[in-house]
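Under our numbering, the residues of the sequence shown are numbered 1 to 356, in order.
Let me begin by presenting the structure, written as C-alpha cells, before commenting on it.
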Amino acid sequence: MDSKYASKIISGDVSDLAGSLAEYKEKFEGKCFLITGAGGFLGKYLVYLLRYMNENILTKPCKGLFLDNFVIGDEEEMVSDGNLIFIRHNVIEPFETDQNIDYIIHAAGIASPLYYTKFPIETMDVTTIGTRNMLELARAKNVKGFLFTSSSEVYGDPDDKFVPTPETYNGNVSIYGPRACYDESKRFAEILCLSFYRVYDVPVKIVRYFNVFGPGMRLNDYRVIPNFIEHALRKEALTIHGNGENTRSYCYINDALEATLKLLFSIVNGEAFNIGNPALEISLNDLGKAVQELFDYPVRINHVPPPHAVYASSDPKRRCPDISKIRSVIQYNPRYDLKKGLGRTIDWYKEFLKIS
Ligand SMILES: NC(=O)c1ccc[n+]([C@@H]2O[C@H](COP(=O)([O-])OP(=O)(O)OC[C@H]3O[C@@H](n4cnc5c(N)ncnc54)[C@H](O)[C@@H]3O)[C@@H](O)[C@H]2O)c1
C-alpha cells in the first residue's frame, strides 16, 4: 500500500466513490482497465479505486495496466500487485501487450499552465501522438470503451453569451497564444477520437473537465488551489495574478470521477461532454476568501502582476459548464460544495505534510 492510499482522506473518498458506483459493479468484475497518466492527480484516484474494488467489492478482481512516464507524476509512490501493474511508458511510443483490454482511459497530459508552457512540445505530443497510439490500441483490442480527457480549455475565452458553456459552443481559442499548445492539441485530439469512432467504430467518449481539484494534487503543481493552500499552510500571503475577477467553476475530484466512470460505462459513443460543477463558479478573489476562512489564523491576499502571459490577457474571463448534456445520459448531481471540497483538500495536505 502506498502513502497516499493510506491517507484517511483519500481512502474515505475512494470508498465513497465506490459506493456511488455500486450499481456498476459488474462493469468492473474481471475487466481490464488501461489507464495512462496513472501517476497523475486523476490517474492515481482511479488506481486507488480499482485497488479498493479488488480488495473490498469484486468477486473476480479487475486488472489494471497503468502507464506513466512520470514527466510530472511521482514514480516512487507507484506500487504494483498481481492484478494491477505499473509500467513506466511514454505514450508517444506505441504500447504493446498480450493482455485483453476492456477499457482505456487516456488521462496522460500536461495540464498545469506552468508545466505546459515549460514543455509545449511534450504537451502536444502526449495529446496528439499519444492519443493516436491509444486509439490504435483500443481498435486492436476491440475495447468496450475509450475515454479521452479533454478540457474546458477547448472553449478558449468564451463569449459571455456562451457562459454557462454548452458543448455546442465552438470556442474562442487563440491559435498562437500562450495556452495554444494545450488548447489546440486537445481540440485536435477530440476530432481524432471522433474520427476513430466514425471510421473504425471505436466506442469513444470525450470528457471536457472544468477545474477538477482535491487531495493528491502536487504542491508544486502550480494550479491555483494547491498553490493557495501551500501558501496558507506556510503562513504566506495567497498571490492573485491581476485583478482576481476572472472566474472558474471548481469540481471536487469525486464528483468528476463518478461522472467519468458512469460515462465510460454508458452506451453513448462519439460525443463530448462537459464535466464540472456550475454551482461552484467563483472569482479568484472569492476563492482566496474561501481558503482564508478555512484557516484559524489570518491569511493575507496579495495581488501581483501576472508572472507569465499564460496568466495575463490570455487567461479566460469566465469558465462555467452547462452540464445538461451529461445529465441527459447519466445520473449526475455534484455532491461536494466548495467548503467541503476545500476542507478535505486542506486536511489532506495537513495529513501529507504532517501538520497538526
Ligand atoms: N485536473 C483538471 O482540472 C483537468 C482539467 C481539464 C483537463 N484535464 C485533463 O485530465 C488529464 C489528467 O489531468 P491531471 O489533473 O490528473 O493531470 P496531472 O498532470 O496530475 O497528471 C497527468 C499525468 O500524465 C503523465 N504524462 C504526461 N505525459 C505523458 C506521456 N507522454 N506518457 C505517459 N504519461 C504522461 C504525467 O507524468 C502525469 O503523471 C489530463 O489529460 C488533463 O489535460 C484535467
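The beta-carbon is built from N, C-alpha and C at its ideal position, and this holds for glycine as well.
Given the structure is predicted, the values throughout are model-derived calculations rather than measurements.
I need the DSSP call for histidine 231, collapsed to helix, strand or coil.
helix
How long is the line joining the alpha carbons of threonine 123 and serine 151, rounded to whole angstroms?
13 Å
Return helix, strand or coil for arginine 383, following the three-state DSSP convention.
Since the displayed the chain opens at 1 and closes at 356, residue 383 lies outside it and no answer follows.
Threonine 97 and leucine 65 closer than 9 Å at C-beta
yes
Can you tell which of Leu257, Pro164 and Cys62 has the C-alpha that lies nearest to the C-alpha of threonine 247?
Pro164
Quickly, what does DSSP pair glutamate 45 with across the bridge? List them, please.
According to the sequence displayed, residue 45 carries tyrosine and not glutamate. Paired residues: none, contrary to the question.
Quick one: complete alpha helix (DSSP H) runs, 4+ long, within the segment 108-158?
113-118 and 120-141
For valine 299, collect the residues of the same chain with a Cβ closer than 6 Å to its Cβ; drop the 5 residues on either side in sequence, then sort them by chain order.
Ala232 and Gln292
With distances taken from CA atoms, which of Phe28, Val14 and Pro61 is nearest tyrosine 45?
Val14
For the putative contact between valine 207 and cysteine 193, defined by C-beta atoms under 8 Å, what is the C-beta separation to the nearest angstrom?
Contact doesn't hold; Cβ gap of about 11 Å is too wide.
Near leucine 294, which residues of its chain fall below 7 Å by C-beta distance, leaving aside the five closest residues on each side in sequence?
Leu342, Gly343 and Ile346
Cβ of methionine 217 versus every heavy atom of ligand 1: is any distance shorter than 8 Å?
yes
Do the segment 102-110 and the segment 76-88 meet, that is, are 3 or more Cβ pairs less than 8 Å apart?
no
From the DSSP output, in three-state form, read off phenylalanine 33 for me.
strand
Quick one: Cα of proline 306 to Cα of valine 154, how far?
22 Å
For a quick check, are the C-beta atoms of glutamate 75 and glycine 39 less than 9 Å apart?
yes
For valine 126 versus alanine 138, is the C-beta spacing smaller than 9 Å?
no
Expressed to the nearest angstrom, what Euclidean distance is found between the alpha-carbon atoms of glutamate 136 and cysteine 181?
23 Å
Taking only three categories from DSSP, how would you classify serine 249?
strand
Which residue marks the beginning of the beta strand (DSSP E) containing threonine 59, and which one marks its end?
Careful: threonine 59 lies outside any beta strand (DSSP E) and carries neither H nor E.
Comparing alpha-carbon positions, which option in Tyr349, Asn227 and Ala22 lies nearest proline 113?
Asn227
Through-space distance from leucine 353 to arginine 359, alpha-carbon basis
Only positions 1 to 356 of the chain appear in this structure, which leaves residue 359 out of reach.
Validate contact between the segment 254-273 and the segment 139-150 using beta carbons, cut 8 Å, 3 pairs
yes
Quick check on the DSSP output: the beta strand (DSSP E) that includes proline 207 runs from which residue to which?
Note that residue 207 corresponds to valine in the displayed sequence, not to proline. Residues 204-209.
What number of angstroms, rounded off, separates the C-alpha of isoleucine 175 from the C-alpha of arginine 187?
11 Å
Reduced DSSP category for leucine 338 - H, G, I as helix; E, B as strand; rest coil
helix
Using only the heavy atoms of ligand 1, determine whether one of them is closer than 8 Å to the beta carbon of histidine 89.
yes
Where does glycine 30 land, buried or exposed, given buried means 16+ other C-beta within 10 angstroms?
exposed
Taking C-alpha atoms, which residue in Asn220, His89 and Tyr332 lies nearest to lysine 274?
Reading off the sequence shown, one finds asparagine at residue 274, where the question assumed lysine. The shortest Cα separation from asparagine 274 among Asn220, His89 and Tyr332 belongs to Tyr332.
Where tyrosine 103 falls: helix, strand or coil (DSSP)
strand
Can you look up methionine 1 in the DSSP assignment and give me helix, strand or coil?
In this prediction, methionine 1 has a pLDDT of 40, which is less than 50 and means its spatial position is unreliable; what the coordinates show is noted afterwards. Coil.
Every unbroken alpha helix (DSSP H) inside the segment 256-301 [4 residues or more]
284-293
Near leucine 17, which residues of its chain fall below 7 Å by C-beta distance, leaving aside the five closest residues on each side in sequence?
Leu49, Asn254, Leu257 and Glu258
Alpha-carbon spacing of aspartate 322 relative to asparagine 211, whole angstroms
14 Å
Cβ atoms of lysine 325 and glutamate 167: under 9 Å apart, would you say?
yes
May I ask you to report which of helix, strand or coil DSSP gives valine 71?
coil
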